[in-house]
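Participant: I'd like to ask you about the structure that follows.
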Amino acid sequence: MCSRQGRGILQDRSGRFRFFPEEGGQSADKGTLNGQEVLDVSIKQGILYHKVACEFPVSTRVTGHVDWNRRFDFMQQHSGEHMISGLLHSHFGLEDVG
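With the first letter of the sequence shown counted as 1, position 12 gets the number 530 in my numbering; the numbers rise by one all the way through.
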């Protein structure tokens, strides 16, 4: 269940959507909720907020689809960055600062 938090903002307290929010230097997932484009995902105090182009009535049940190709690409880049920074640290003592 979702509740409207303002025009085009869906609040997810259940954690069932599985959209990754923008945090830790990582971009938010893209995808759809009930066929409507998810424009942004943020997290505040453990609650996910999904910005969509439309307005859903309060308590509307939604089905989400994450853009898997985009997420998988970001996952690979993120893992690769950790491997490279780990090698640079172990061989040259360099720190990953951003």
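Just so you know, even glycine gets a beta-carbon here, dropped at the ideal spot from N, CA and C. From a predicted model like this one, the values you see are computed outputs, not experimental measurements.
(1) In three-state terms, what does DSSP make of residue 585?
(2) Is it buried or exposed for residue 546, if we count other Cβ within 10 angstroms and need 16 for buried?
(3) Please state whether the Cβ-Cβ distance between residue 554 and residue 576 is less than 9 Å.
(4) Using the Cα positions of residue 606 and residue 574, report the straight-line distance between them to the nearest angstrom.
(5) Could you check the C-alpha separation between residue 529 and residue 588 for me, to the nearest Å?
(6) Give me the DSSP bridge partner(s) of residue 602.
(7) What is the DSSP secondary structure of residue 563, counted as helix, strand or coil?
(8) Thinking C-alpha only, which one of 538, 609, 612, 603 is nearest residue 562?
(9) Looking only at DSSP bridge pairs, what is residue 573 linked to?
(10) What does the alpha-carbon distance come out to for the pair residue 583 and residue 610?
Facilitator: The short version:
(1) coil
(2) buried
(3) no
(4) 48 Å
(5) 23 Å
(6) In the DSSP output, where bridge partners are listed per residue, residue 602 has none listed.
(7) coil
(8) 538
(9) Note: residue 573 sits in no beta bridge, so no partner.
(10) 42 Å
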